[in-house]
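S.K.: So that we are looking at the same thing, I have put the structure below in structure tokens.
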Amino acid sequence: MTACEIRTKVERPVLRERGQHEVFCGLTGIVWLHRKIQDAFFLVVGSRTCAHLIQSAAGVMIFAEPRFATAILQDKDLAGLTDANEELDRVVNRLLERRPDIKLLFLVGSCPSEVIKLDLSRAALRLSKQHTGKVRVLNYSGSGIETTFTQGEDACLASMVPELPKRETDATKLLVVGSLPDVVEDQFQRLFDQLGVPVRFFPPRRSTQLPAIGPDTKFLLAQPFLADTARVLEERGATRLAAPFPFGVEGTTAWLQAAARAFGVSDEKLSAVIDPASARAKVALSNAKTRLAGKRIFFFPDSQLEVPLARFLSRELDMQLVEVGTPFLHQAHLGAELAMLPADVTVSEGQDVERQLDRCRAARPDLVVCGLGLANPLETEGLTTKWSIELVFTPVHGFDQAGDLADLFARPLVRRTKLEV
Ligand code: SF4
Numbered sequence: 071m072t073a074c075e076i077r078t079k080v081e082r083p084v085l086r087e088r089g090q091h092e093v094f095c096g097l098t099g100i101v102w103l104h105r106k107i108q109d110a111f112f113l114v115v116g117s118r119t120c121a122h123l124i125q126s127a128a129g130v131m132i133f134a135e136p137r138f139a140t141a142i143l144q145d146k147d148l149a150g151l152t153d154a155n156e157e158l159d160r161v162v163n164r165l166l167e168r169r170p171d172i173k174l175l176f177l178v179g180s181c182p183s184e185v186i187k188l189d190l191s192r193a194a195l196r197l198s199k200q201h202t203g204k205v206r207v208l209n210y211s212g213s214g215i216e217t218t219f220t221q222g223e224d225a226c227l228a229s230m231v232p233e234l235p236k237r238e239t240d241a242t243k244l245l246v247v248g249s250l251p252d253v254v255e256d257q258f259q260r261l262f263d264q265l266g267v268p269v270r271f272f273p274p275r276r277s278t279q280l281p282a283i284g285p286d287t288k289f290l291l292a293q294p295f296l297a298d299t300a301r302v303l304e305e306r307g308a309t310r311l312a313a314p315f316p317f318g319v320e321g322t323t324a325w326l327q328a329a330a331r332a333f334g335v336s337d338e339k340l341s342a343v344i345d346p347a348s349a350r351a352k353v354a355l356s357n358a359k360t361r362l363a364g365k366r367i368f369f370f371p372d373s374q375l376e377v378p379l380a381r382f383l384s385r386e387l388d389m390q391l392v393e394v395g396t397p398f399l400h401q402a403h404l405g406a407e408l409a410m411l412p413a414d415v416t417v418s419e420g421q422d423v424e425r426q427l428d429r430c431r432a433a434r435p436d437l438v439v440c441g442l443g444l445a446n447p448l449e450t451e452g453l454t455t456k457w458s459i460e461l462v463f464t465p466v467h468g469f470d471q472a473g474d475l476a477d478l479f480a481r482p483l484v485r486r487t488k489l490e491v
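If you number the sequence shown the way my numbering does, the last residue is 491 and the count never jumps.
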């Protein structure tokens, strides 16, 4: 293992744009969050459009009771002719009567509920009181007004932070923050166990297992889109460990190293624990590297994973970055990542979609990472695309997923070559 020195700040010009943008809304996060927190239910308070979005994105849960639904605001609610709160209480009470397995209920706001200024925080308080001891009711917004789709998870986790119990003991603990597929969480748990670092994951798999936090808590972000969650954790006294994100061998090594150093684990011990997995990951990357090295890639802003992924593709797979667009650039959380990008790459924040499309067409990159709405039109223009949302739905963190992550980028190029034969 090569010890990785993390630089957290680098001066770099950023192209900032504020124009029309093409992204999904925060409701999308329900797709992965309802699988993660297994006793939670997500009740979207929204329109038929919201119901269609969530239903088509998440699919139908055939073998189990669904754990998300939409309370549809009717025309009369939207026109202010009825008390939407009364109807909401009726819907929630009926749901909780029928589903005693629900221990945590999220009321998820949407564009329509925000437009009519339905106060879901008051509704959550009122319903929490009614169901004290049986169900916690929390609320957050998944609205698509001025947000991007991964902010749904950020808002959801931030709403849970005040519920985390206060820790009374002195023993410092690590909290890994950000929803990870169970298989990835188990891999990290094994590595932290071998390092002797006591760790909890947030969100937990069951809402009854919320990790306790206190001023002695140190946390590592597993996802780069958790600005609000990090802020409220810091307000409760927890300390963020600055690190790149655990994508690829280098990112995963540096991420684990940040935890190891904070908990007094030597570089030698870290090396002994991670070297086998790191070596396997390097072998897995070598296949994809033959297909990706030298290829030019352009990121449209969508998932907020763009900067860490660009770092991984550039440094471990020798791809050439044309533009790395991200919806928001959190300088503190992404400082270590930005410092590792090549100096000449254009980093852009926000979007003016027509201008960005012009830049992309002029550059004619080999691969474009973008949202679903842009992918088909760009494909018809002969560009090869990768849906950014797939990167959020697929296990991509850690050593054991590094090869799969690289393959996600190699596959569209292989497909294009086959089509051209
Ligand atoms: S929350 Fe807004 S953007 Fe999302 S589906 Fe509902 S109306 Fe559309």
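Positions of the beta carbon are idealized from the N, C-alpha and C atoms, including for glycine.
Round the Cβ separation of THR396 and GLU419 to the nearest angstrom and send it over; I've been treating them as touching at under 8 Å.
M.R.: Within the sequence shown, residue 396 is the residue found at index 326, counting from 1. Within the sequence shown, residue 419 is the residue found at index 349, counting from 1. Rounded, the Cβ-Cβ distance is 6 Å, consistent with contact.
S.K.: Looking at SER213: is its Cβ nearer than 8 Å to the Cβ of GLY179?
M.R.: As a first step, residue 213 is located in the sequence shown; it is residue number 143 there, counting from the start. As a first step, residue 179 is located in the sequence shown; it is residue number 109 there, counting from the start. Cβ distance < 8 Å, so SER213 and GLY179 count as in contact.
S.K.: Assign GLY212 to one of three DSSP states: helix, strand, or coil.
M.R.: What you label residue 212 is simply residue 142 of the sequence shown in a count that begins at 1. GLY212 falls in the coil class under three-state DSSP.
S.K.: In chain order, what residues of the same chain lie with their CB nearer than 8 Å to the CB of ALA73, ignoring the 5 residues before and after it?
M.R.: Reading the sequence shown from its first residue, position 3 is the one you call residue 73. With a pLDDT of only 44 at ALA73, under 50, the local geometry of the prediction cannot be trusted, and the value read off the model is given with reservation. Excluding sequence neighbours, ALA73 sits near GLN327, ASP337.
S.K.: Using the three-state DSSP reduction, which class does HIS237 fall into: helix, strand or coil?
M.R.: The sequence position of residue 237 within the sequence shown is 167, counting from 1. Looking at the sequence provided, one finds Arg at residue 237 rather than His. Reduced to three states, the DSSP call for ARG237 is coil.
S.K.: Do you know how far the Cα of LYS339 is from the Cα of GLU223?
M.R.: As a first step, residue 223 is located in the sequence shown; it is residue number 153 there, counting from the start. As a first step, residue 339 is located in the sequence shown; it is residue number 269 there, counting from the start. Whole-angstrom Cα-Cα distance: 34 Å.
S.K.: Check whether the Cβ of LEU383 lies closer than 7 Å to any heavy atom of the ligand ATP, and answer yes or no.
M.R.: Judged by which ligands are present, the ligand ATP is missing from the structure shown, whose ligands are the ligand SF4.
S.K.: If you follow the alpha helix (DSSP H) that ILE124 is in, where does it begin and where does it stop?
M.R.: For the purposes of this step, residue 124 is taken as residue 54 along the sequence shown, with counting starting at 1. Looking at the DSSP string, the run of the alpha helix (DSSP H) that includes ILE124 is 118-128.
S.K.: Judging by CA-CA distance, which residue of VAL84, ASP474, ALA139, ARG137 is the nearest neighbour of VAL254?
M.R.: Indexing the sequence shown from 1 puts residue 254 at position 184. When each option's Cα is compared against that of VAL254, the closest is ASP474.
S.K.: Is it true that the region 390-409 meets the region 364-381, where meeting means three or more beta-carbon pairs spaced less than 8 Å apart?
M.R.: With a cut-off of 8 Å, the region 364-381 and the region 390-409 count as touching, because enough Cβ pairs lie within range.
S.K.: Between THR287, ASP171, CYS181, which lies nearest to LEU148 when the distance is taken from Cα to Cα?
M.R.: Your numbering for residue 148 matches position 78 in the sequence shown. The candidate whose alpha carbon is nearest that of LEU148 is CYS181.
S.K.: Could you compute how far the alpha carbon of ARG310 sits from the alpha carbon of LEU290?
M.R.: Indexing the sequence shown from 1 puts residue 310 at position 240. Indexing the sequence shown from 1 puts residue 290 at position 220. Approximately 6 Å, taken between the alpha carbons.
S.K.: Buried or exposed: where does VAL417 fall if 16 or more other Cβ atoms within 10 Å of its Cβ makes it buried?
M.R.: Here the question's residue 417 lines up with position 347 in the sequence shown. Buried.
S.K.: I want to check one thing, is the minimum distance from the CB of PRO182 to the heavy atoms of the ligand SF4 below 7 Å?
M.R.: Translated into positions along the sequence shown, residue 182 becomes position 112. Checking every heavy atom of the ligand SF4 against the Cβ of PRO182, one is found closer than 7 Å.
S.K.: At what residues does the alpha helix (DSSP H) containing ARG192 begin and finish?
M.R.: Taking the first residue of the sequence shown as 1, we reach residue 192 at position 122. Counting along the chain, the alpha helix (DSSP H) containing ARG192 begins and ends at 190-200.
S.K.: Can you tell me where the alpha helix (DSSP H) with SER341 in it begins and where it stops?
M.R.: Residue 341 sits at position 271 when you count from the first residue of the sequence shown. Run containing SER341: 337-362, per the alpha helix (DSSP H) assignment.
S.K.: Counting pairs of Cβ atoms below 8 Å between the region 461-469 and the region 339-359, do you hit three or more?
M.R.: Touching, yes.
S.K.: Can you say whether GLY318 is buried or exposed, counting buried as having 16 or more other CB atoms within 10 angstroms of its CB?
M.R.: Here residue 318 refers to the residue found at position 248 when the sequence shown is read from its first residue. Flag for GLY318 reads buried.
S.K.: Out of curiosity, what's the CA-to-CA distance linking ALA154 and ALA193?
M.R.: In the sequence shown, the residue the question calls residue 154 occupies position 84. In the sequence shown, the residue the question calls residue 193 occupies position 123. When rounded, the distance between both Cα atoms is 10 Å.
S.K.: If you follow the alpha helix (DSSP H) that GLN264 is part of, which residue opens it and which one closes it?
M.R.: Residue numbering aside, residue 264 sits at position 194 when the sequence shown is read from its first letter. GLN264 -> alpha helix (DSSP H) spans 252-265.
S.K.: Can you tell me whether PHE369 is buried or exposed, with buried defined as 16 or more other CB within 10 angstroms of its CB?
M.R.: The residue you call residue 369 lines up with position 299 of the sequence shown. The residue in question, PHE369, is buried, as its Cβ has 16 or more Cβ neighbours within 10 Å.
S.K.: Are ILE142 and ALA121 close, meaning C-beta to C-beta below 8 Å?
M.R.: Translated into positions along the sequence shown, residue 142 becomes position 72. Translated into positions along the sequence shown, residue 121 becomes position 51. Going by C-beta atoms, ILE142 is nearer than 8 Å to ALA121.
S.K.: Looking at C-alpha atoms only, which residue of VAL439, ARG306, LEU113, LEU190 is the closest neighbour of LYS365?
M.R.: Position 295 of the sequence shown, counted from the first residue, corresponds to residue 365. Checking every option, the nearest Cα to that of LYS365 belongs to VAL439.
S.K.: Entirely within the region 409-483 and at least 4 residues each: give me those alpha helix (DSSP H) ranges in chain order.
M.R.: Fully enclosed alpha helix (DSSP H) runs of 4 or longer: 423-433, 442-450, 459-463.
S.K.: Taking the beta carbon of ARG86 as the centre, do at least 16 other beta carbons fall within 10 Å, making it buried, or is it exposed?
M.R.: Taking the first residue of the sequence shown as 1, we reach residue 86 at position 16. ARG86 is exposed by the Cβ-count criterion.
S.K.: For LEU437 versus ILE367, is the C-beta spacing smaller than 8 Å?
M.R.: Start at 1 with the first residue of the sequence shown, and residue 437 comes out as number 367. Start at 1 with the first residue of the sequence shown, and residue 367 comes out as number 297. Contact: yes.
S.K.: Among GLY443, ARG385, LEU442, which has the Cα closest to the Cα of VAL415?
M.R.: Here the question's residue 415 lines up with position 345 in the sequence shown. Of the candidates GLY443, ARG385, LEU442, the one whose C-alpha sits nearest the C-alpha of VAL415 is ARG385.
S.K.: Less than 8 Å separating the beta-carbons of THR299 and LEU234?
M.R.: Mapped onto the sequence shown, residue 299 falls at position 229. Mapped onto the sequence shown, residue 234 falls at position 164. Their beta carbons are not under 8 Å apart, which means THR299 does not touch LEU234 by this criterion.
S.K.: Put LEU174 into one of helix, strand or coil per three-state DSSP.
M.R.: On the sequence shown, position 104 is the one that residue 174 refers to. Strand, per DSSP.
S.K.: Provide the residue(s) that pair with GLY179 in DSSP beta bridges, ordered along the chain.
M.R.: Walking along the sequence shown from the start, residue 179 turns up at place 109. Answer is SER211, bridged to GLY179.
S.K.: Could you tell me whether the Cβ atoms of LYS106 and ARG275 are closer together than 8 Å?
M.R.: What you label residue 106 is simply residue 36 of the sequence shown in a count that begins at 1. What you label residue 275 is simply residue 205 of the sequence shown in a count that begins at 1. Yes. Within cutoff.
S.K.: Taking the straight line between their C-alpha atoms, what separation do you get for LYS456 and ALA225?
M.R.: Position 386 of the sequence shown, counted from the first residue, corresponds to residue 456. Position 155 of the sequence shown, counted from the first residue, corresponds to residue 225. Rounded to the nearest angstrom, the two C-alpha atoms are 26 Å apart.
S.K.: Looking at C-alpha atoms only, which residue of ILE186, LEU103, PHE111 is the closest neighbour of GLN144?
M.R.: Residue numbering aside, residue 144 sits at position 74 when the sequence shown is read from its first letter. Comparing Cα positions, the closest option is ILE186.
S.K.: Which residues in the same chain as PHE111 place their Cβ atom closer than 6 Å to its Cβ, once the five residues preceding and following it in sequence are excluded?
M.R.: On the sequence shown, position 41 is the one that residue 111 refers to. Answer for PHE111: ARG137, ILE172, LEU175, listed in chain order.
S.K.: Runs of 3 residues minimum, wholly inside the region 262-308: which ones carry the beta strand (DSSP E) assignment?
M.R.: Runs found: 269-272, 288-291.
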